[in-house]
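The structure appears below as structure tokens.
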Amino acid sequence: MTGRLAIVACGGALPVMLAQAHPDALHFTLRGVPSQLAATAQEFPLERIGALFAAMKAAGVCRMVFAGSLVRPALNPAEFDAEMARLAPGLMAAIPRGDDALLRFVIDIFEEQGFEVLGAHELLPGLAVEPGLAVGPAPSEAERADAARAAHILAEISPLDIGQGCVVAGGQCLGIETVQGTDALLAFVAQTPAALRRGQRGVYVKAPKRGQDLRIDMPTVGPSTMDAVADAGLAGLVLAERNVVILDRDEALKRAENREIFVVSQALE
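Following numbering that gives the first Met the number 0, the numbering of the sequence shown begins with 0 at its first residue and continues without gaps.
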């Protein structure tokens, strides 16, 4: 499908990267969701999603991309337009089932309106980490074993739709990413005493949930992630190749090298 591209922009640097790469794209934001593209965007309350659909169609939008971190805004049923009132029961049913279920529902409702929903990685070649990335010290056999265990844990909990990251040290799970996100996980791990790490520093693994639709919520790391991994005393991080985004890539990898942690990409189960 061809046609004008719309960026539905949320928080972080990714929407800005997309806007720079696609200068003809239209920008839309949601009320209550901060975005660096707010100054150039049309803003709509989620309660009036029908008006958003209408504005996109009137502008000739055929393709769209969701980009950035989404903070769920509070909804006021008194402001629902007819379209949101129609969608609300399905939306409310999707929310308790986890982020992936909710995001799949969101994709479905935009596709139902005739829009082609793309992933940011489809519009920014090279955004997703390539196979064979290896920065920093080489992981030891013990660290590779910890990474394998973390990947296995993530695969096993995928049906629960909990999170995209896990930390393991000496075979011991030190933490799993939940709704609080990566920074909270790594801050929690930083408080783990050495005695619980079984003689190992530990490894952070980042990967999508099994079967996850990557068009909205592809796992993401960046420069601050590298600092948080190092601050947590971990040896490094392992990323699922082709399925994780590194934002501000050059700076992120430079920080990893400076902090003497490894960054490795590989196929994960």
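A virtual CB, placed ideally from N, CA and C, is assigned to each residue, including glycine.
Roughly how many whole angstroms lie between the Cα atoms of residue i and residue j?
i: residue 260; j: residue 229; result: 7 Å
i: residue 61; j: residue 101; result: 22 Å
i: residue 192; j: residue 56; result: 55 Å
i: residue 52; j: residue 202; result: 43 Å
i: residue 175; j: residue 164; result: 6 Å
i: residue 222; j: residue 213; result: 21 Å
i: residue 167; j: residue 36; result: 37 Å
i: residue 23; j: residue 7; result: 14 Å
i: residue 268; j: residue 242; result: 12 Å
i: residue 97; j: residue 161; result: 7 Å
i: residue 69; j: residue 148; result: 29 Å
i: residue 30; j: residue 76; result: 15 Å
i: residue 80; j: residue 112; result: 16 Å
i: residue 262; j: residue 5; result: 33 Å
i: residue 93; j: residue 74; result: 15 Å
i: residue 16; j: residue 211; result: 23 Å
i: residue 249; j: residue 99; result: 29 Å
i: residue 54; j: residue 140; result: 55 Å
i: residue 21; j: residue 169; result: 45 Å
i: residue 121; j: residue 236; result: 24 Å
i: residue 28; j: residue 48; result: 11 Å
i: residue 257; j: residue 128; result: 20 Å
i: residue 231; j: residue 187; result: 8 Å
Is the beta carbon of residue i sitting closer than 7 Å to the one on residue j?
i: residue 206; j: residue 239; result: yes
i: residue 103; j: residue 157; result: no
i: residue 244; j: residue 126; result: yes
i: residue 234; j: residue 142; result: yes
i: residue 227; j: residue 185; result: yes
i: residue 82; j: residue 46; result: no
i: residue 135; j: residue 67; result: no
i: residue 108; j: residue 86; result: yes
So, is residue i buried or exposed, given that buried needs 16 or more other C-beta atoms within 10 angstroms?
i: residue 196; result: buried
i: residue 178; result: exposed
i: residue 199; result: buried
i: residue 91; result: exposed
i: residue 180; result: exposed
i: residue 124; result: exposed
i: residue 182; result: exposed
i: residue 194; result: exposed
i: residue 84; result: exposed
Rounded to the nearest angstrom, how far is the Cβ of residue i from that of residue j, given a contact under 8 Å?
i: residue 153; j: residue 204; result: 7 Å
i: residue 138; j: residue 150; result: Actually they do not touch by this definition, with Cβ atoms about 13 Å apart.
i: residue 264; j: residue 130; result: 6 Å
Among residues of its own chain, excluding the 5 on either side of residue i, which ones have a beta-carbon nearer than 8 Å to its beta-carbon?
i: residue 247; result: 12, 221 and 222
i: residue 118; result: 64, 213, 214, 215 and 217
i: residue 144; result: 170
i: residue 41; result: 25, 26, 27, 28 and 54
Near residue i, what residues of its chain come up, given a Cβ to Cβ distance below 7 Å and the 5 sequence neighbours on each side ignored?
i: residue 59; result: 2 and 3
i: residue 116; result: 63, 106, 109, 110 and 214
i: residue 89; result: 104
i: residue 266; result: 240
i: residue 50; result: 43 and 80
i: residue 254; result: 222, 225 and 226
i: residue 14; result: 6, 8, 34, 35, 36, 66 and 67
i: residue 18; result: 6, 24, 26 and 36
Excluding the five sequence neighbours on either side, which residues of its own chain have a C-beta within less than 6 Å of the C-beta of residue i, listed in chain order?
i: residue 39; result: 26
i: residue 218; result: 163, 205, 207 and 243
i: residue 171; result: 197
i: residue 114; result: 63
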